[in-house]
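Counted from 1, the sequence shown has number 125 at position 126 by numbering that gives the first Met the number 0; the numbering is strictly sequential. C-beta atoms are modelled at their ideal positions from N, C-alpha and C, and glycine is treated no differently. Here the structure is a predicted model, which is why all the values come from computation and not from measurement.
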Amino acid sequence: MADYLFVYGTLRKNYDLKLKNKVAAHVQYVGQGKVGASLYDIGRYPGAIRDSKGTEVIGDLFLLTDPERVLKVLDKYEGLSGPEDKTAEFVRKKTNVRLRTGETKKAWIYWYNFDPSGKVKIRHKDYLNYLKNKTI
Numbered sequence: 000m001a002d003y004l005f006v007y008g009t010l011r012k013n014y015d016l017k018l019k020n021k022v023a024a025h026v027q028y029v030g031q032g033k034v035g036a037s038l039y040d041i042g043r044y045p046g047a048i049r050d051s052k053g054t055e056v057i058g059d060l061f062l063l064t065d066p067e068r069v070l071k072v073l074d075k076y077e078g079l080s081g082p083e084d085k086t087a088e089f090v091r092k093k094t095n096v097r098l099r100t101g102e103t104k105k106a107w108i109y110w111y112n113f114d115p116s117g118k119v120k121i122r123h124k125d126y127l128n129y130l131k132n133k134t135i
């Protein structure tokens with residue numbers, strides 16, 4: 000079974016982050032998708048919290064051609080000491096991602112693991128659009 004990764008923030012296809020160069024040879028862009036979640040402005044990046052109330056977050060889906068290598072790099076970037084680390088700011092879990100075609104894929108996602116109280120809830124479904132319109 001293929002491994003996929005869904006990203007909604009600084010790892011998005013059109014976000015300029017040098018870290019992506021470390022994994023670029025091992026990921027293939029599949030397309031834009033959505034997950035049931037609420038999005039928060041954590042500071043220099045967003046955090047998504049699983050949500051079943053009809054809210055969605057837009058992001059990018061990637062096929063991982065070397066999942067072990069890619070996830071090791073991204074776990075470190077997201078602050079996880081390992082895949083079973085439940086105390087980190089983000090936790091990696093599989094979730095259903097709905098593509099524009101209507102197709103659903105099971106993909107890894109980094110969920111925000113802390114209480115979002117006091118954080119700005121992003122009303123946009125898309126973090127990149129939020130950044131374009133954000134007033135400082």
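Secondary structure at residue i, three-state DSSP: helix, strand or coil?
i      : result
Glu67  : helix
Ala23  : helix
Tyr7   : coil
Lys104 : strand
Leu60  : strand
Tyr163 : Past the edges of the chain, shown from 0 to 135, lies residue 163, and the structure says nothing about it.
Asp74  : helix
Asp2   : strand
When you compare only the Cα positions, how much space is there between residue i and residue j?
i      : j      : result
Leu62  : Asp84  : 23 Å
Thr9   : Thr100 : 24 Å
Ser80  : Trp110 : 15 Å
Ala106 : Gly32  : 11 Å
Pro82  : Glu88  : 13 Å
Ile108 : Arg91  : 6 Å
Leu4   : His25  : 11 Å
Lys71  : Glu77  : 10 Å
Val119 : Tyr44  : 12 Å
Arg97  : Tyr28  : 15 Å
Leu16  : Val22  : 11 Å
Taking the continuous alpha helix (DSSP H) assigned at residue i, which residues delimit it?
i      : result
Lys131 : 126-132
Which residue comes first and which comes last in the beta strand (DSSP E) that contains residue i?
i      : result
Lys93  : 89-98
Lys52  : From DSSP, Lys52 is part of no beta strand (DSSP E); its letter is neither H nor E.
Lys120 : 119-121
Name the one or two DSSP bridge partners that residue i has.
i     : result
Pro82 : Per DSSP, none; premise fails for Pro82.
Pro45 : Asp40
Val34 : Val56
Counting Cβ pairs closer than 8 Å, one from the segment 111-119 and one from the segment 40-55, do we hit at least three?
yes
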